[in-house]
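Peer 1: Numbering (the numbering used here), first residue to last: 991 to 1376.
Glycine included, C-beta positions come from ideal geometry on N, C-alpha and C.
Structure provided below as structure tokens; questions to follow.
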């Protein structure tokens, strides 16, 4: 720590979900020490990443493609298919942090990352400010639920909520529910709610694509490549599920046979009583459930000017093309659990090379301290003048 309360570190990891813990593990394996050479900051109140906020009816058995973190398998007895996924994965992440002594700081909210002094990044948080040589951003999407705007939305007399606030099916008993969205969450919500609701209507922007049969490694690589192409071009990433299609499980096949997954195109406007289409069709509703996905939670990186004209951050592997000190894991093609594991390892490998190339000298450290002192003095003078 320098004289002005700014703590210096080699690497800051923002986020302690799958991607952040994977990166922290590989930093540890590379020889860096937690709290001395790297630090992990997480805004959540406890271990578990975004999983801790999932609805109780999402049991572990309904989770598709949950891969173990590097170096520690999920314990079969704890991974009971009927337990809520929030409990199973929360307990697993807790044990993982303890086993590898990752010393996650929480709850800590990162408000901004901006250019610092001496070639460092300045990470401003609710716990104070860090000066770092590199940053691994693993903030995911859960904090940025997306709800599209439609005419008449404010006039609806019923309840509107997003997947992020979904409480489970019981709260919809006896109600007429419109579920919006063709992804995995939308279909899971719909199938649960249909068992207790007075009626359900499913609407999506595009016809849903159901994937029959096995999803092999070649198919997986092709799907990830499509998502990767978008982030290479600086476009906002799409989810991997959006290009893989929805797997036809036994529950999905049964719901299709029963007509639960009969889909309507998107409505054109929302009325006080429900939703309406331009052709005159209307559907009465008590609830509109927006299962319309999430956007990357990267607002704190805005001061660095990393976004391209297309709206996304262009990355090469995990490295932000506009700033090689910044790596994004769990972003775009690495948003899946197995992708996050691989991205964490790749980011640490590149950051290791960066740290080796830019190892600070004693002269550099003295210059950085002097620059920080000058900044603090200027700020104090300006404040006194005001």
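For residue 1344 and residue 1027, what's the separation of their Cα atoms in angstroms?
Peer 2: In the chain shown, residue 1344 corresponds to position 354, counting from 1. In the chain shown, residue 1027 corresponds to position 37, counting from 1. Their backbone Cα atoms lie some 14 Å apart in a straight line.
Peer 1: Taking Cβ positions, are residue 1200 and residue 1238 nearer each other than 8 Å?
Peer 2: Here residue 1200 refers to the residue found at position 210 when the chain shown is read from its first residue. Here residue 1238 refers to the residue found at position 248 when the chain shown is read from its first residue. Contact: yes.
Peer 1: Express the C-alpha separation of residue 1349 and residue 1110 in angstroms, rounding to a whole number.
Peer 2: Here residue 1110 is taken as the residue at index 120 of the chain shown, counted from 1. Here residue 1349 is taken as the residue at index 359 of the chain shown, counted from 1. Those two C-alpha atoms are separated by around 12 Å.
Peer 1: State buried or exposed for residue 1013, treating a residue as buried only when at least 16 other CB atoms are found within 10 Å of its CB.
Peer 2: On the chain shown, position 23 is the one that residue 1013 refers to. Label assigned to residue 1013: buried.
Peer 1: Let me check one thing: in DSSP terms, what residues is residue 1179 bridge-paired to?
Peer 2: Translated into the one-based positions of the chain shown, residue 1179 becomes position 189. In DSSP, residue 1179 forms no bridge with anything.
Peer 1: Determine contact between the stretch 1234-1254 and the stretch 1108-1127, defined as no fewer than three beta-carbon pairs at a distance below 8 Å.
Peer 2: Flag = no, the stretch 1234-1254 and the stretch 1108-1127 do not touch.
Peer 1: Going by DSSP in three states, residue 1189 sits in which element: helix, strand or coil?
Peer 2: The residue labelled residue 1189 in the question sits at position 199 within the chain shown. Residue 1189 falls in the strand class under three-state DSSP.
Peer 1: Name the two residues that bound the continuous alpha helix (DSSP H) containing residue 1079.
Peer 2: Within the chain shown, residue 1079 is the residue found at index 89, counting from 1. Run containing residue 1079: 1075-1089, per the alpha helix (DSSP H) assignment.
Peer 1: Hey, out of 1042, 1020, 1197, whose CA is closest to residue 1253's CA?
Peer 2: As a position in the chain shown, residue 1253 is number 263, starting the count at 1. Nearest C-alpha to residue 1253: 1197.
Peer 1: Can you give the Cα-Cα distance for residue 1310 and residue 1294, rounded to whole angstroms?
Peer 2: Taking the chain shown and counting its residues from 1, one reaches residue 1310 at position 320. Taking the chain shown and counting its residues from 1, one reaches residue 1294 at position 304. Taking the straight line from one Cα to the other gives about 11 Å.
Peer 1: Per DSSP, which one or two residues make a beta bridge with residue 1288?
Peer 2: Residue numbering aside, residue 1288 sits at position 298 when the chain shown is read from its first letter. Answer is none; residue 1288 lacks a bridge partner.
Peer 1: Go ahead and pull the three-state DSSP assignment for residue 1114.
Peer 2: Here residue 1114 corresponds to residue number 124 of the chain shown, with the count starting at 1. Correct three-state label for residue 1114: strand.
Peer 1: Taking Cβ to Cβ, would you say residue 1333 is nearer than 8 Å to residue 1034?
Peer 2: Taking the chain shown and counting its residues from 1, one reaches residue 1333 at position 343. Taking the chain shown and counting its residues from 1, one reaches residue 1034 at position 44. Not a contact, by the Cβ cut-off of 8 Å.
Peer 1: For the beta strand (DSSP E) containing residue 1265, list its first residue and its last residue.
Peer 2: In the chain shown, the residue the question calls residue 1265 occupies position 275. From DSSP, the beta strand (DSSP E) with residue 1265 extends over 1264-1266.
Peer 1: Under 8 Å by Cβ, that's how I've got residue 1179 and residue 1186 pegged, so tell me the actual separation to the nearest angstrom.
Peer 2: The sequence position of residue 1179 within the chain shown is 189, counting from 1. The sequence position of residue 1186 within the chain shown is 196, counting from 1. That pair is no contact at about 12 Å.
Peer 1: Closest to residue 1188 by C-alpha separation, out of 1167, 1317, 1225, would be which residue?
Peer 2: Your numbering for residue 1188 matches position 198 in the chain shown. Looking at the Cα atoms, 1167 is the closest of the given residues.
Peer 1: Inspect the beta-carbon positions of residue 1017 and residue 1305 and report whether they are closer than 8 Å.
Peer 2: Sequence index remark: in the chain shown, residue 1017 carries index 27 (1-based). Sequence index remark: in the chain shown, residue 1305 carries index 315 (1-based). No; because the gap between Cβ atoms is not below 8 Å, this pair is not in contact.
Peer 1: Identify which residue in 1300, 1277, 1256, 1133 has its Cα closest to the Cα of residue 1267.
Peer 2: Taking the first residue of the chain shown as 1, we reach residue 1267 at position 277. Checking every option, the nearest Cα to that of residue 1267 belongs to 1256.
Peer 1: Identify, in the order they occur along the chain, each residue of the same chain with its Cβ nearer than 6 Å to the Cβ of residue 1048, setting aside the five sequence neighbours on each side.
Peer 2: Looking up residue 1048 in the chain shown gives position 58. If we look at residue 1048 and ignore the five residues flanking it on each side, its Cβ neighbours are 1075.
Peer 1: Buried or exposed: which applies to residue 1087, given that a residue is buried once 16 or more other Cβ atoms fall within 10 Å of its Cβ?
Peer 2: Counted from its first residue, the chain shown places residue 1087 at position 97. It counts as buried.
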